[in-house]
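Chemist: Sharing a structure below in structure tokens format, with a few things to ask.
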Amino acid sequence: MEKKYTAQEISTLKAYAAKHICPHYMANADLNRGPKIYVKSEGNYIYDIEGNRYLDSFASILTTICGHNNMDIINAICEQIKILDFFPNFGDHYCLPMIELSKKLEKIAPEGLTAYFYVNSGSEANETAIKAARSYHVENGEPSRYKVIHRRGSYHGTTIAATAVCGLPWFNEKYQPMSNPGMLEAPPADCNHCELGFSDCKTCGLACLKELERVIVENDPKTISAMIMDPLPGSNSGYPVAPEAYMKGVRELCDRYGILLIFDEIQCGFGKSCKWFVAQHYGVSPDLLTTSKALTNGYIPLGVCMMQQKIYDKFRTGNSEFRSGSTFGGHNVACVAAIATIDYIEKNDLLRKSQKISDYINFKIRELQKVHPMILRVSGMGMMFSIELTAKKGEKKSFAVPGSVGAFINRYIYDNEHMIIRNNCYKAGDIIVFSPALTFTEANVDEMMKGLDAGLTAAEKEFPVEP
Ligand SMILES: Cc1ncc(COP(=O)(O)O)c(C=O)c1O
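Residue numbers (the numbering used here): -18 to 448.
Structure representation (structure tokens):
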């Protein structure tokens, strides 16, 4: 029997949470309005403690891509915990699920990524990639290489090295100078908001790539260890899709200057682009690739740093080693959840089916765009979408208080349409983002579009768009 909470119980629980539990990336203004508590999930929906049902249009921060309450994955977890609950993967000890998962990853990963280091989160996976790159250079007789290039606009996680390579000042400005020694910044390939002032990526001559080379050359290439980048920048910066020539050019520059290329596919990887990895859309393989979030359908924390075999082989020669590890990294119950997630996606042909849903979403958004002057443009890839808003029809114009209109829409949709999306403010522009599960149906999409339509209609009344 499902427990029904009284108004008194709910208010006591909320007061306790707000007073005693610091939420991740807290927002005092939201918390002061009163926290939200969730108690149940079902398919593509989530329920709060008051009994309201919400359409989960952001797949629980891009994790539950096979839907909530997926019994195939849940049963696999339950079986494994009965067989071997836990034994740490330390030194020369391995648990069987980790071996089985690695064999599966080898089949779906971009070319050459055949060695794996398992961790508990995306941040740890990036931390590992940064350490592995540095360690590789030390073992390879190039100890001068320690600097890491990252791109403005990208988020890479919450641990201190991952924070240091965040290209969004909000995430790291309070941790400087702790968080930044040796970090170099380069521009993203965001053609809709080109920071170098070009309006067309066909005629700019890939200026951002030239700028990247300038950063490398001016900072003594022999001191640079790695470049970390998300091949599809995330929800904070609205999923801008880079030209193929840029991606191939980055690979070529890294090769030319002996820099290891790290792809952070924690958010964009693992099926959400309707291929297993975004790298595969470009035919580019990085030296290291990190992924997490959807890896276990969000059920058990797990992350992985994949490496080209030559990197791991370097740690396996003579007295070399990779000095990093954690108690729970690669927990065998988490590995089984990841195996079951891959099996579920393959068995149900979800990469192909979700491409059809993605096309349907794209078609429906274009229809919304015809009736909502507030929609400036839509970007994204696969099941990751961003809608950029404008204060003036047909051209980019920020709102009087950047961020406020996206926040209004998000709140309106949550309260009135019972639907979960995200909003952000990028380059003084408001964006709303969503990334539904690969299991979304056309009916779910219609419901999501109805919610977006209502939110945009309310926003256009409250913040009229200049004609
Ligand atoms: C691109 C990217 N990198 C790294 C991370 C950090 O992952 P985690 O929150 O699992 O530590 C995230 C999380 O949102 C992410 O989107």
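Even glycine gets a Cβ: it sits at the ideal position worked out from N, Cα and C.
Beta-carbon separation of Glu376 and Asp411 under 9 angstroms?
Modeler: no
Chemist: According to the Cβ coordinates, are Cys59 and Asp53 closer than 9 angstroms?
Modeler: no
Chemist: Kindly examine ligand 1 and report whether one of its heavy atoms sits closer than 8 angstroms to the Cβ of Ile412.
Modeler: For Ile412, the CB stays at least 8 angstroms from every heavy atom of ligand 1.
Chemist: Return the Cβ separation of Leu43 and Ala275 in integer angstroms, given the expectation that the two are a contact with Cβ distance under 8 angstroms.
Modeler: 6 angstroms
Chemist: Can you list every residue whose CB sits closer than 5 angstroms to some heavy atom of ligand 1, going in chain order?
Modeler: Ser102, Gly103, Ser104, His137, Gly138, Asp211, Gly215, Asp245, Ile247, Gln248, Ser273
Chemist: With H, G and I counted as helix, E and B as strand and the rest as coil, what does DSSP make of Gly103?
Modeler: The answer is helix: DSSP assigns Gly103 an H, G or I state.
Chemist: Let me make sure I understand the geometry here. Which of Gly122, Gln289, Met362, Asn107 has the alpha-carbon closest to that of Phe258?
Modeler: Met362
Chemist: In the DSSP output, which residue or residues are listed as bridge partners for Phe366?
Modeler: Gly361, Phe415
Chemist: So which of Lys374, Asn391, Lys442, Pro4 has the shortest CA-CA distance to Tyr35?
Modeler: Asn391
Chemist: Tell me, please, which residues DSSP counts as bridged to Ile243.
Modeler: Ile209, Leu269
Chemist: Please report the straight-line C-alpha distance between Ile342 and Phe389, rounded to a whole angstrom.
Modeler: 22 angstroms
Chemist: What span of residues does the alpha helix (DSSP H) with His1 cover, start to end?
Modeler: -12 to 1
Chemist: With a threshold of 8 angstroms, are at least 3 pairs of Cβ atoms found where one atom belongs to the segment 131 to 147 and the other to the segment 209 to 217?
Modeler: yes
Chemist: On a CA-only basis, which of Asp181, Tyr136, Tyr238, Cys182 is nearest Tyr220? Give me that one, please.
Modeler: Tyr136
Chemist: Please state whether DSSP places Lys253 in a helix, a strand or coil.
Modeler: The answer is coil: DSSP assigns Lys253 none of H, G, I, E or B.
Chemist: Since Ser41 is in the alpha helix (DSSP H), which residue starts that stretch and which ends it?
Modeler: Ser41 -> alpha helix (DSSP H) spans 40 to 43.
Chemist: Spatial neighbours of Glu428 within its chain, please: CB distance less than 6 angstroms, with the 5 preceding and 5 following residues excluded, ordered by chain position.
Modeler: Leu36
Chemist: Return the bridge partner residues of Asn313 from the DSSP annotation.
Modeler: Note: Asn313 is not bridge-paired with any residue in the DSSP secondary-structure output.
Chemist: Determine the contact status of Leu527 and Leu242, defining contact as a CB-CB distance below 9 angstroms.
Modeler: One cannot answer for residue 527 here, as it falls past the ends of the chain, which runs -18 to 448.
Chemist: So, do the segment 272 to 290 and the segment 308 to 323 have three or more beta carbon pairs nearer to each other than 8 angstroms?
Modeler: yes
Chemist: Let me confirm a value: Phe71 is counted as buried when at least 16 other C-beta atoms fall within 10 Å, else exposed. Which label applies?
Modeler: In the assembly as shown, Phe71 is an exposed residue. Its beta-carbon has fewer than 16 other beta-carbons within 10 Å.
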